[in-house]
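**Student:**
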Amino acid sequence: MTDLSHLRADFPLLQREMNGRPLVYLDSAATTQKPLAVLEAMDRFYRRHNANVHRGAYALAQEATELYEGARAKVAAFVHAASAREIVFTRGTTSAINTVAFGWGLYHLRPGDRILLTTMEHHANVVPWQLVCRHTGAELIYLPFTADYQIDLEALPGLLDERVKVVGLSGMSNVLGTMPPVTAVAAAARAVGALTVVDAAQMTPHSPTDVQALGADFLAFGAHKMLGPTGIGALWGRLELLESMEPAEGGGEMIRDVGWNESTWADAPHRFEAGTPPIAEAVGFGAAVDYLSAVGMDEVHRHEAELTRYALERLGEVPGLTVYGPADVAQRGGAVSFTLADIHPHDLATILDQQGIAIRAGHHCAKPLHRLLGVPATARASFYVYNTREDVDALLPALAEARRLFGVS
Amino acid sequence: MSLDDLYREVILDHYRHPRRRGALEHPDAHADGQNPLCGDEIAIDLAFDGDRIADVRIRGRGCSISQASASMMAEAITGKTIADAKDLMHRFKAMMDIEPGEAGLDAARPGAALGDLEALQGVRRFPVRIKCADLPWATLAQALEGHPPA
Ligand SMILES: Cc1ncc(COP(=O)(O)O)c(C=O)c1O
Numbered sequence: 184m185t186d187l188s189h190l191r192a193d194f195p196l197l198q199r200e201m202n203g204r205p206l207v208y209l210d211s212a213a214t215t216q217k218p219l220a221v222l223e224a225m226d227r228f229y230r231r232h233n234a235n236v237h238r239g240a241y242a243l244a245q246e247a248t249e250l251y252e253g254a255r256a257k258v259a260a261f262v263h264a265a266s267a268r269e270i271v272f273t274r275g276t277t278s279a280i281n282t283v284a285f286g287w288g289l290y291h292l293r294p295g296d297r298i299l300l301t302t303m304e305h306h307a308n309v310v311p312w313q314l315v316c317r318h319t320g321a322e323l324i325y326l327p328f329t330a331d332y333q334i335d336l337e338a339l340p341g342l343l344d345e346r347v348k349v350v351g352l353s354g355m356s357n358v359l360g361t362m363p364p365v366t367a368v369a370a371a372a373r374a375v376g377a378l379t380v381v382d383a384a385q386m387t388p389h390s391p392t393d394v395q396a397l398g399a400d401f402l403a404f405g406a407h408k409m410l411g412p413t414g415i416g417a418l419w420g421r422l423e424l425l426e427s428m429e430p431a432e433g434g435g436e437m438i439r440d441v442g443w444n445e446s447t448w449a450d451a452p453h454r455f456e457a458g459t460p461p462i463a464e465a466v467g468f469g470a471a472v473d474y475l476s477a478v479g480m481d482e483v484h485r486h487e488a489e490l491t492r493y494a495l496e497r498l499g500e501v502p503g504l505t506v507y508g509p510a511d512v513a514q515r516g517g518a519v520s521f522t523l524a525d526i527h528p529h530d531l532a533t534i535l536d537q538q539g540i541a542i543r544a545g546h547h548c549a550k551p552l553h554r555l556l557g558v559p560a561t562a563r564a565s566f567y568v569y570n571t572r573e574d575v576d577a578l579l580p581a582l583a584e585a586r587r588l589f590g591v592s
Numbered sequence: 031m032s033l034d035d036l037y038r039e040v041i042l043d044h045y046r047h048p049r050r051r052g053a054l055e056h057p058d059a060h061a062d063g064q065n066p067l068c069g070d071e072i073a074i075d076l077a078f079d080g081d082r083i084a085d086v087r088i089r090g091r092g093c094s095i096s097q098a099s100a101s102m103m104a105e106a107i108t109g110k111t112i113a114d115a116k117d118l119m120h121r122f123k124a125m126m127d128i129e130p131g132e133a134g135l136d137a138a139r140p141g142a143a144l145g146d147l148e149a150l151q152g153v154r155r156f157p158v159r160i161k162c163a164d165l166p167w168a169t170l171a172q173a174l175e176g177h178p179p180a
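For the record, the sequence lines run as chains A and W.
184 is the number of the first residue of the first sequence in my numbering; add one for each residue after it.
31 is the number of the first residue of the second sequence in my numbering; add one for each residue after it.
1. Classify A/D382 as helix, strand or coil using the three-state DSSP reduction.
2. Quickly, what does DSSP pair A/I526 with across the bridge? List them, please.
3. Rounded to whole angstroms, how far is the Cβ of W/G145 from the Cβ of W/D35, which I believe are closer than 8 Å?
4. Across the stretch 380–389 of chain A and the stretch 526–542 of chain A, are there enough close Cβ pairs to call them in contact, namely three or more that are closer than 8 Å?
5. With 8 Å as the threshold, decide whether the Cβ of W/D35 is near any Cβ in chain A.
6. Is any non-hydrogen atom of ligand 1 found closer than 7 Å to the C-beta of A/N308, if you look at the structure I gave you?
7. With respect to 7 Å, is the separation between the Cβ of A/H305 and the closest non-hydrogen atom of ligand 1 below this value?
8. Please work out which residues of its chain come closer than 6 Å, Cβ to Cβ, to A/A254, disregarding the five sequence neighbours upstream and downstream, and give them in chain order.
9. For the beta strand (DSSP E) that contains A/E322, what are its first and last residues?
10. I need the boundaries of the beta strand (DSSP E) containing A/V394, first residue and last residue.
11. Closer than 7 Å by C-beta to A/A383: which residues in its own chain qualify, once you throw out the five before and the five after it? Chain order, please.
12. When you compare only the Cα positions, how much space is there between A/D193 and A/P218?
13. Quick one: what does DSSP say A/T302 is sitting in, helix, strand or coil?
14. Does the beta-carbon of A/N357, which I'm using as the reference point, lie nearer than 7 Å to any heavy atom of ligand 1?
15. How many angstroms separate the CA atom of A/I526 from the CA atom of A/A585?
16. Tell me the rounded alpha-carbon separation between A/D530 and W/C93.
17. Counting only the same chain and skipping the five closest in sequence on each side, list residues whose C-beta sits under 7 Å from that of A/V591.
18. Relative to the C-alpha of A/P177, which candidate in A/M303, A/R238 and A/A244 has its C-alpha closest?
19. Determine the burial state of A/N281: buried for a count of at least 16 other Cβ atoms within 10 Å of its Cβ, exposed for fewer.
20. Return the residue from the list A/Q514, A/R492, A/S446 and A/A213 that minimises the CA-CA distance to A/H305.
21. Can you tell me which of the three DSSP states W/P140 falls into?
22. Between A/I280 and chain W, is any beta-carbon pair separated by less than 8 Å?
23. Taking the C-alpha atoms as reference points, what is the distance between A/T561 and A/R238?
24. So is the beta-carbon of A/T276 under 7 Å away from any non-hydrogen atom of ligand 1?
25. Using the three-state DSSP reduction, which class does A/D440 fall into: helix, strand or coil?
26. Provide the residue span of the beta strand (DSSP E) that contains A/T505, from first to last.
27. Please confirm whether A/D530 has its beta-carbon closer than 8 Å to some beta-carbon of chain W.
28. In chain order, what residues of the same chain lie with their CB nearer than 6 Å to the CB of A/R204, ignoring the 5 residues before and after it?
29. Please list the terminal residues of the continuous beta strand (DSSP E) segment that includes A/A451.
30. Return the residues of the stretch 145–163 of chain W that lie within a Cβ-Cβ distance of less than 9 Å from chain A, sorted by chain order.
31. Whole angstroms is fine: what's the gap from W/P140's alpha carbon to A/L206's?
32. Quick one: which chain W residues come within Cβ less than 9 Å of A/L588?
33. Using a threshold of 7 Å, is the CB atom of A/S353 nearer than that to any non-hydrogen atom of ligand 1?
34. Taking W/H56 as the reference, give the member of W/L76, W/L170, W/L67 and W/F156 with the closest Cα.
35. For chain A, find out if any of its Cβ atoms is closer than 8 Å to the Cβ of W/G131; answer yes or no.
36. Give the interface partners of A/H527 over in chain W, defined as CB-CB distance under 7 Å, in chain order.
Take a look at the structure:
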């Protein structure tokens, strides 16, 4: 077992108590806690370096700009982008996907074109495409998954033909934990001339990301699910694609020249960053990738795989408990969704909360997927670098208490 | 506040054996309620006999609190005048601290004012769950809008 428990001391929030018990935080798929390194980097920015970026001729503004652009370079290196210019800072994963949908999809899709998504997508990788379909007349089709919660690669050739212009899939499902073979799907998409958009909100935080090896065209991810602050994320795109795209938002910072009726755009990535960006958040994002790089993403992945294997084992001991997701930890990540007998997930969450355990309950922004699973909601425990076997162990008596309260035998 | 006070037997009984489930073929009033955050759903059909609620049918999916609250509400309003049902709604919301007012709870006569619904008082101590208990009532308010006709 990899031991990362020494990292816990870096996370002030994890020292808290909740409802009189030590907090057991098992909701990192929703958002992660922040290490001191991130908090201090943002604090230091405001105390010492705060100024607007790309505007001032004075030295302080130059410092702020260098910190902002330095963060971009760190994020670029973290995902092995060809250059920092391939990283667009966005408000998060959602706005990164919208940047592609409204910057590329809106201008290139037409009636008869298709967008292929999987049936396990988060609303963030569904609704933007629905909006674009409404404007363009393109249609959505869906790749199903198999009985063991893997995307159905046998169904892929039947769905993926020249009509498909965009393939969108998440690198890891936030509900099932499934990690589909993105590289294979991207290659198949390229063969029919379709672009691949990877929702990496749950992928990039949890394992090494190499956009060169992935072969996709766009990758969307957010800082707050990888130890960074809320309010910032990134879109990676191949530079020639970004340069061919229209901005989804207009305003300051993103222009080359502005006339009364027409304007021209700045080069990528600034073309897509209208207005004053979240500067301190970018600095925090940079500090978060520094922290994760220091731990090592291979180590992060190994730790979570071991914890997930252990959790699946322990949860398997609970009578009446059903896990929704692959059993094989080689093909899944550390988001474990489950139901327990006829106890509704909200009730489970309330009961666990009384023991200081934070889990998520609901549809996790994947309503169509829950319709397929045949349950209105699931409970979800999810893990990150700071979680331990003890956190998993804490679930067991709490779930036993839930069974007692509901008289489940 | 212990969980045993929240998950009282009567609540679990209504959750597992919800009263007045189903649909009316020709409802005089209908409303759908949803909590978009958690996905809980309630649908209410009402039949009126003059100013009286003659029949109530409920469908829905969700947590024990929302579904038990719906079941208890259906029982409590069946046969009541629309005015009495609205009065009950306000007393329930007062009991849950959703709106100011007098719930009319009489400690000397437990169960006298709101019936089984009083079992939901425990939810007050779990603020994030109050909206679960309120969902059926918010849906009822929608169904009763414009009834009786002014
Ligand atoms: C798979 C997936 N995609 C997209 C998102 C959206 O991320 P955000 O809300 O930070 O934009 C999330 C997180 O909720 C997610 O888990």
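Even glycine gets a Cβ: it sits at the ideal position worked out from N, Cα and C.
Given the structure is predicted, the values throughout are model-derived calculations rather than measurements.
**Tutor:** Checking against the coordinates, here is how it stands:
1. The sequence position of residue 382 of chain A within the first sequence is 199, counting from 1. Strand.
2. Position 343 of the first sequence, counted from the start, is the residue given in the question as residue 526 of chain A. A/I526 is bridged to A/L523.
3. By one-based count along the second sequence, residue 145 of chain W stands at place 115. By one-based count along the second sequence, residue 35 of chain W stands at place 5. In fact, because the Cβ distance is near 18 Å, the residues do not count as touching under 8 Å.
4. no
5. On the second sequence, residue 35 of chain W is found 5 positions in, with the first residue counted as 1. Not an interface residue.
6. To locate residue 308 of chain A, count along the first sequence from 1; it is residue 125. A/N308: yes, Cβ under 7 Å from ligand 1.
7. Residue numbering aside, residue 305 of chain A sits at position 122 when the first sequence is read from its first letter. Within the cutoff, so yes.
8. Locating residue 254 of chain A in the first sequence gives position 71, counting from the first residue. Within the same chain, A/A254 has close Cβ partners A465, V466, F468 and G469.
9. By one-based count along the first sequence, residue 322 of chain A stands at place 139. Its beta strand (DSSP E) spans residues E322 to L326.
10. Locating residue 394 of chain A in the first sequence gives position 211, where the first residue counts as 1. Careful: A/V394 lies outside any beta strand (DSSP E), inside the alpha helix (DSSP H) at V394 to L397.
11. Along the first sequence, one-based indexing puts residue 383 of chain A at 200. Taken in chain order, the residues that qualify are G354, T392, L402, A403 and F404.
12. As a working mapping, residue 193 of chain A is identified with position 10 in the first sequence. As a working mapping, residue 218 of chain A is identified with position 35 in the first sequence. Each residue's alpha carbon lies about 5 Å from the other.
13. Within the first sequence, residue 302 of chain A is the residue found at index 119, counting from 1. Coil at A/T302, not helix or strand.
14. In the first sequence, residue 357 of chain A corresponds to position 174, counting from 1. Within the cutoff, so yes.
15. On the first sequence, position 343 is the one that residue 526 of chain A refers to. On the first sequence, position 402 is the one that residue 585 of chain A refers to. Straight-line Cα distance between these residues: approximately 8 Å.
16. Locating residue 530 of chain A in the first sequence gives position 347, counting from the first residue. Locating residue 93 of chain W in the second sequence gives position 63, counting from the first residue. About 6 Å.
17. Position 408 of the first sequence holds residue 591 of chain A. Taken in chain order, the residues that qualify are G503, A524 and I526.
18. The structure shown does not extend to residue 177 of chain A, since chain A is modelled only from 184 through 592, so no value can be given for it.
19. Here the question's residue 281 of chain A lines up with position 98 in the first sequence. So A/N281 ends up on the buried side.
20. If you number the first sequence from 1, residue 305 of chain A lands on position 122. Checked all of A/Q514, A/R492, A/S446 and A/A213; the closest Cα to A/H305 is A/A213.
21. Position 110 of the second sequence, counting from 1, holds the residue named residue 140 of chain W. Reliability of the predicted coordinates at W/P140 is poor, the pLDDT of 41 falling under 50, and the value obtained from them is presented with this limitation in mind. Correct three-state label for W/P140: coil.
22. On the first sequence, residue 280 of chain A is found 97 positions in, with the first residue counted as 1. It does not: the Cβ of A/I280 has no partner Cβ on chain W nearer than 8 Å.
23. Within the first sequence, residue 561 of chain A is the residue found at index 378, counting from 1. Within the first sequence, residue 238 of chain A is the residue found at index 55, counting from 1. Spanning the two alpha carbons is a distance of roughly 48 Å.
24. Residue numbering aside, residue 276 of chain A sits at position 93 when the first sequence is read from its first letter. Yes, since a heavy atom of ligand 1 falls inside the 7 Å radius drawn around the Cβ of A/T276.
25. Here residue 440 of chain A refers to the residue found at position 257 of the first sequence. Correct three-state label for A/D440: strand.
26. On the first sequence, position 322 is the one that residue 505 of chain A refers to. From DSSP, the beta strand (DSSP E) with A/T505 extends over L504 to Y507.
27. The residue labelled residue 530 of chain A in the question sits at position 347 within the first sequence. Chain W, which has a Cβ nearer than 8 Å to the Cβ of A/D530, makes this yes.
28. As a first step, residue 204 of chain A is located in the first sequence; it is residue number 21 there, counting from the start. Result list for A/R204: Q538 and G539, in chain order.
29. The sequence position of residue 451 of chain A within the first sequence is 268, counting from 1. Taken as a continuous stretch (DSSP letters only), A/A451 belongs to no beta strand (DSSP E), as it is neither H nor E.
30. Listed in sequence order: F156, V158, R159 and C162.
31. Taking the first residue of the second sequence as 1, we reach residue 140 of chain W at position 110. Taking the first residue of the first sequence as 1, we reach residue 206 of chain A at position 23. Because the pLDDT at W/P140 is just 41, under 50, the model does not fix this residue reliably, and the value given afterwards should be weighed accordingly. Between W/P140 and A/L206, the C-alpha separation is close to 38 Å.
32. The count along the first sequence starts at 1 and reaches residue 588 of chain A at position 405. Result: L33, D34, L36, Y37 and L42.
33. Here residue 353 of chain A is taken as the residue at index 170 of the first sequence, counted from 1. Under cutoff, so the answer is yes.
34. Within the second sequence, residue 56 of chain W is the residue found at index 26, counting from 1. Among W/L76, W/L170, W/L67 and W/F156, the Cα nearest to that of W/H56 belongs to W/L76.
35. Residue mapping note: residue 131 of chain W aligns to position 101 of the second sequence, counting from 1. No, no contact with chain A.
36. Sequence index remark: in the first sequence, residue 527 of chain A carries index 344 (1-based). Correct list: G92, C93 and S94.
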